[in-house]
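Numbering (the UniProt record's numbering), first residue to last: 1 to 142. For reference, the structure discussed in these notes is given below.
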């Protein structure tokens, strides 16, 4: 059964477009617009004219609630994380650490490894069957 969303709900939108798989963008539900579709307004993406936040009709299969926050003091090699970059959250895996940065491998999108500061990372969570699943063992719920 698919979750029903209400106007004002904070959500994340996943993209299935090439080059964007494994990314999530923060949005707010504006209104339902038909069978399992919603009008959303992104909180980080803007229109081409840079005058307002982008609005788009999105299928419910691409929407999930905003994930709960977790407090972590460190990440370990092979932890699954989300990295905040390019106005969204991108799923990757910790593959190493270099000084003050974690090396993250983006296995769902670009297949690149890039270093990020701790403050740019969050625990990756999957929305499965109406519940949050946390693959990262380093996580402690706030």
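Note that beta-carbon positions come from the ideal geometry of N, C-alpha and C, so glycine has one too. Bear in mind the structure is a predicted one, so any value in this text is a computation, not a measurement.
Per DSSP, cross-strand counterpart(s) of residue i
i           : result
residue 23  : 90
residue 53  : 46
residue 131 : 128
residue 112 : Per DSSP, none; premise fails for residue 112.
Extent of the continuous beta strand (DSSP E) run through residue i
i           : result
residue 80  : 80-85
residue 101 : 101-105
Residue i - DSSP class collapsed to helix/strand/coil
i           : result
residue 31  : strand
residue 119 : helix
residue 17  : coil
residue 77  : coil
residue 6   : coil
residue 62  : helix
residue 72  : coil
residue 12  : strand
residue 98  : strand
residue 142 : Residue placement at residue 142 is flagged as unreliable, the pLDDT there being 46, under the threshold of 50; the coordinate-derived value follows with that caveat. Of the three classes helix, strand and coil, the one that applies to residue 142 here is coil, per DSSP.
Beta-carbon separation (whole angstroms), residue i vs residue j, contact threshold 8 Å
i           : j           : result
residue 14  : residue 109 : Not a contact, Cβ separation roughly 12 Å.
residue 6   : residue 30  : Wrong, their Cβ atoms sit about 11 Å apart, outside the cutoff.
residue 63  : residue 38  : 6 Å
residue 102 : residue 75  : 6 Å
residue 70  : residue 133 : Actually they are not in contact, since the Cβ atoms of residue 70 and residue 133 sit about 13 Å apart, beyond 8 Å.
residue 40  : residue 21  : Actually they are not in contact, since the Cβ atoms of residue 40 and residue 21 sit about 19 Å apart, beyond 8 Å.
residue 44  : residue 88  : 7 Å
residue 92  : residue 78  : Their Cβ separation, rounded to whole angstroms, is 11 Å, which puts residue 92 and residue 78 out of contact at 8 Å.
Proximity test, residue i beta-carbon vs the ligand HEM heavy atom, cut-off 7 Å
i          : result
residue 71 : For the structure depicted, the ligand HEM is absent and the ligand set is empty, with no information on it obtainable.
Can we say the segment 114-122 touches the segment 42-62, given the rule of at least three CB pairs closer than 8 Å? With a cut-off of 8 Å, the segment 42-62 and the segment 114-122 do not count as touching, because too few Cβ pairs lie within range.
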